[in-house]
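Contents: one structure, followed by commentary.
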DNA sequence: GGACGACTGTTACCGATCGTTACACAGGGT
DNA sequence: ACCCTGTGTAACGATCGGTAACAGTCGTCC
């Protein structure tokens, strides 16, 4: 349990777009588990963590794998609003409601830790630090969404795809993986949905970035050849790593 | 102070787009003011409540007036990410940071109540109810942003403008004003920025909705003639009021 | 009071980007 | 082997952006 808790302490807040985000710190699951019952759930690729409308009872910490959150409207429109990986929280958007507000689907075999919600709030009274981190995590989520709103509202299709790749690279880096070479766990359609585009447009953009020698694409296998170039396209200063 | 606190208890969570949002409840400022120093600040139209980069020290509750929050990027891009009116919280996106993350500007003479932030968290330990409401407010903010992300990613320019008008109408209704006739406090450029469009496009859409007899536009004076029609365009069921 | 100027809003035309449609191909699973 | 999904490519067209010129409103200054 100690080793697992160590994984969970990764500070990665969410899908950080253009600008990276400061984070107060991780949630200490080990300490939290002394006050609330933390259940570990495994999900096969394609399975739902929860669906919109199900009774809200817990938030989740992603321990392993890869998931997407989907917003849906009454009239059938749908959109991917975030991708989640190890260290990210899931379900916080539904806090305060009786039912979950969106769908969360595993894109890969995943493990998520269930943190029953009313109990977590009670635990905050005994662990003031937890309260600080929970609110900070929620606020980080807002900043993250806002930064993407800025990107989607001001960037062209090609720039959005570049920003997406830079974001994925940074998140992989934070988790200790190579930021230069990774596998996308989602299809073109999911990327397109997230970026407010159509999947053909995403394909076109990726093909063009490949031709420009910025990246090397083999279906879901991505190699970043010119990270600074991508950053510039995405409207970010080329903060060298 | 009692009357003022009563105003402040309006549950309006934020700019609610397509789907309306459930809210746990308002923040009890009267009770809160026993634990933290609540300062009332007046802002003239055009003044900033705070700017990105200034030291973070408080969140704010809008008591009167109208404000916008602006996200900015390193390379000069800018976007309005929300409009705030009475009962809305401002500054929550910066919780957990040392400095504010965005600009907040009054679009009209306004009054905001300053809730010093670390103290608010301490007060939560004495007022568990406050903690519930604060986290619920933050989560509501996330849902709100997500709902708009869905709208901006899936609707056409005309539909976005319709959704914007429906949202404004609902918020006016919640505050006890007429949802059929109101004055926009922001210019076309701000609306366009918020909706991810150009101001000419917003103008064109408004003109067309006017020709379709859905609304009556006189510059910033808006009359909704066919609310259900607007709702249908915006992809929302015509929940009759 | 009237004239000027700045700002905001409106309209038109043209062009670029992105969506639409269609089809071909690769890969994985049964 | 087969199908089915996901991916890549291309031609066409619609929506929205870019640019510009004009009108209406407000404030200021004379």
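Protein chains in written order, with this note's numbering: chain A, 10 to 250; chain B, 10 to 250. We treat Cβ as the ideally placed atom computed from N, Cα and C, and that holds for glycine.
1) So which residues on chain A does residue 144 (chain B) lean against when the C-beta distance must stay under 8 Å?
2) Please compile the residues from chain B whose C-beta is within a distance smaller than 8 Å of the C-beta of residue 80 (chain A).
3) Could you tell me which chain B residues have their CB closer than 7 Å to the CB of residue 88 (chain A), listed as they occur along the chain?
4) Measuring only the C-alpha atoms, how far is residue 30 (chain A) from residue 38 (chain A)?
5) Contact criterion: CB-CB distance below 9 Å. Does residue 231 (chain A) meet it with respect to chain B?
6) Report the CB separation of residue 226 (chain B) from residue 215 (chain B) in whole angstroms; it is logged as a contact under 8 Å.
7) Mind checking which residues open and close the alpha helix (DSSP H) that includes residue 60 (chain A)?
8) Quick check on this structure: which residue in B:163, B:114 and B:197 has the alpha carbon closest to the alpha carbon of residue 56 (chain B)?
9) Which residues of chain B have a Cβ atom closer than 7 Å to the Cβ of residue 140 (chain A), listed in chain order?
10) When DSSP labels each residue in this structure, what does residue 64 (chain A) get in the three-state scheme?
11) Please work out which residues of its chain come closer than 6 Å, Cβ to Cβ, to residue 80 (chain A), disregarding the five sequence neighbours upstream and downstream, and give them in chain order.
12) Should residue 31 (chain B) be flagged as near chain A, meaning a C-beta pair shorter than 9 Å?
13) Counting Cβ pairs closer than 8 Å, one from the stretch 147 to 154 of chain A and one from the stretch 97 to 109 of chain B, do we hit at least three?
14) Report the residue from B:59, B:139, B:141 and B:171 whose alpha carbon sits nearest the alpha carbon of residue 102 (chain B).
15) If we call anything under 9 Å between Cβ atoms a contact, is residue 163 (chain B) one with residue 86 (chain A)?
16) Between residue 222 (chain B) and the rest of its own chain, which residues show a CB-CB distance below 7 Å, the 5 nearest in sequence each way excluded?
17) So if I threshold CB-CB distances at 9 Å, which residues from the stretch 178 to 210 of chain B count as touching chain A?
18) Since residue 137 (chain B) meets chain A, which of its residues come closer than 7 Å, beta carbon to beta carbon?
19) Spell out the partners DSSP gives residue 113 (chain A) in its beta bridges.
20) Hey, is the stretch 129 to 147 of chain B in contact with the stretch 116 to 133 of chain A, meaning 3+ C-beta pairs nearer than 8 Å?
21) Using only the alpha-carbon positions, how far apart do residue 160 (chain B) and residue 167 (chain B) sit?
22) Indicate whether at least one CB of chain B lies closer than 9 Å to the CB of residue 11 (chain A).
23) Tell me the rounded alpha-carbon separation between residue 67 (chain A) and residue 127 (chain A).
24) Quick one: list the residues of chain B neighbouring residue 110 (chain A), beta-carbon separation under 7 Å, in chain order.
25) Show which residues of chain A have a CB atom less than 9 Å away from the CB atom of residue 101 (chain B).
26) Whole angstroms is fine: what's the gap from residue 69 (chain B)'s alpha carbon to residue 196 (chain A)'s?
27) Can you give me the Cβ contacts of residue 125 (chain A) inside the same chain, cut-off strictly under 7 Å, excluding the 5 residues immediately before and after it?
28) With the cut-off set at 9 Å, would you say residue 84 (chain A) and residue 244 (chain B) are in Cβ contact?
29) Distance, Cα to Cα, residue 43 (chain A) vs residue 99 (chain B)?
On the basis of the supplied data:
1) Listed by position along chain A, the residues whose Cβ is nearer than 8 Å to that of residue 144 (chain B) are 104, 105, 130, 143, 144 and 147.
2) Simply 155, 156, 158 and 159.
3) 158, 159, 162 and 163
4) The predicted position of residue 30 (chain A) is uncertain, since its pLDDT is 43 and thus under 50; no value can be drawn from it.
5) no
6) 5 Å
7) No alpha helix (DSSP H) contains residue 60 (chain A), which DSSP labels as neither H nor E.
8) B:114
9) 130, 133 and 140, listed in chain order.
10) strand
11) 88, 90 and 111
12) Residue confidence for residue 31 (chain B) is low, a pLDDT of 41 falling below 50, so the modelled location carries little weight and cannot support an answer.
13) yes
14) B:59
15) yes
16) 234 and 235
17) 202, 203, 204, 205 and 206
18) Per Cβ cutoff of 7 Å: 134.
19) A:59 and A:78
20) Judged by Cβ distances under 8 Å, the stretch 129 to 147 of chain B makes contact with the stretch 116 to 133 of chain A, as three or more pairs qualify.
21) 12 Å
22) Unreliable placement is indicated for residue 11 (chain A), whose pLDDT of 41 sits below 50; no coordinate value is reported for it.
23) Their backbone Cα atoms lie some 8 Å apart in a straight line.
24) 152
25) Chain A residues near residue 101 (chain B): 144, 147, 148 and 151.
26) 41 Å
27) 45, 46, 66 and 67
28) yes
29) 35 Å
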